[in-house]
Amino acid sequence: MRPRLLLWVAALALAVGHGAAQCPKSGCGIWAATPVASTQPRLWRRGQGRVTAVLTTGQAVPDRRARRLEARRRLAEAKAEARAAERAAEQAEQMAERLAEAAEREAERLADAAERAAERRSQSRRRAARVRSRTTEKPVQRVLADIL
């Protein structure tokens, strides 16, 4: 191999071995593909964690694992919201059933009260008719009173 090519290959191997870039804290380069322990900002540990794209500002771009965890978290939140909505729907249904039963009981109570009131009026009319028949003179009684 030529010396320049050999030097270039050695520099490339050294750069790849070092993480293909310098520390993002130094501000050299825009991106650095480096092994990091997590997706937390300003984390620079060689040989640990997953390969993650890191901005020079130290802000880590989430890797596949972090995206998967985020998706699981969103799914769990959606499931929890669905369960809460289902519980609220069940409670609303139960409340509607209870209100319907209470309305039915109230309607029965009002119907019974109206029936009792009609019965009282009927009894009152019959009683008044009996009293009238006792107190008013009948034609036969008038004739007898005239004769006597």
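In mature numbering (1 follows the signal peptide of the UniProt record, and there is no 0), the protein residues as written are -21 to -1, 1 to 127. Ideal placement from N, C-alpha and C gives every residue a C-beta, glycine not left out.
Three-state secondary structure assigned by DSSP to residue i
i	result
Asp42	coil
Cβ-based neighbour list, residue i, same chain, cut-off 8 Å, excluding 5 preceding and 5 following
i	result
Ala59	none
Neighbourhood of residue i by C-beta, 6 Å cutoff - its chain only, sequence neighbours within 5 removed
i	result
Arg84	none
Glu69	none
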